[in-house]
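Accompanying notes for the structure given below.
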Amino acid sequence: MGNAEAEIVWTGSRERAEALLAAVTPDDPDDFEASLSQGEEGVELRITVPSGSLRRMRSTVDDILACLAAAESGLDAVE
1 MGNAEAEIVW
11 TGSRERAEAL
21 LAAVTPDDPD
31 DFEASLSQGE
41 EGVELRITVP
51 SGSLRRMRST
61 VDDILACLAA
71 AESGLDAVE
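When you line the sequence shown up against the numbering used here, it's residues 1 to 79, in that order.
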């Protein structure tokens with residue numbers, strides 16, 4: 001068995017990046033690392049998912065993407 005790692009990068013406003021980070025952090029905090037940093041085109045929300053198996057990594061990435069999509073839809077609705 002090998003190791004796998006996936007990285008999700010979202011770029012936008014600091015306010016939205018902080019809201020998205022808050023939305024995913026409670027999900028599976030031990031299964032990924034997340035950080036905010038200033039990039040050239042805005043603030044980057046960077047989520048790294050390390051795993052010992054592709055199946056587990058895919059499941060975690062799917063969960064994170066679902067949370068991000070729901071949070072972004074909610075933010076769009078209130079704007």
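No residue lacks a Cβ here, since even glycine has one placed at the ideal position from N, Cα and C.
For the stretch 53-62 against the stretch 70-77, do three or more pairs of beta-carbon atoms, one drawn from each stretch, fall closer than 8 Å, so that the two count as touching? no
Can you tell me the Cα-Cα spacing of Asp30 and Ala69, whole angstroms? As a working mapping, residue 30 is identified with position 30 in the sequence shown. As a working mapping, residue 69 is identified with position 69 in the sequence shown. Cα to Cα, the separation comes out at about 21 Å.
According to DSSP, simplified to helix, strand and coil, what is Gly74? Taking the first residue of the sequence shown as position 1, residue 74 is located at position 74. The answer is helix: DSSP assigns Gly74 an H, G or I state.
Assuming Glu18 is part of the beta strand (DSSP E), what are its boundary residues? Counted from its first residue, the sequence shown places residue 18 at position 18. Not the beta strand (DSSP E): Glu18 falls in the alpha helix (DSSP H), residues 14-24.
Hey, would you say Val49 sits closer than 7 Å to Ala17, going by beta carbons? What you label residue 49 is simply residue 49 of the sequence shown in a count that begins at 1. What you label residue 17 is simply residue 17 of the sequence shown in a count that begins at 1. No, the pair does not count as a contact, with Cβ atoms beyond the cut-off.
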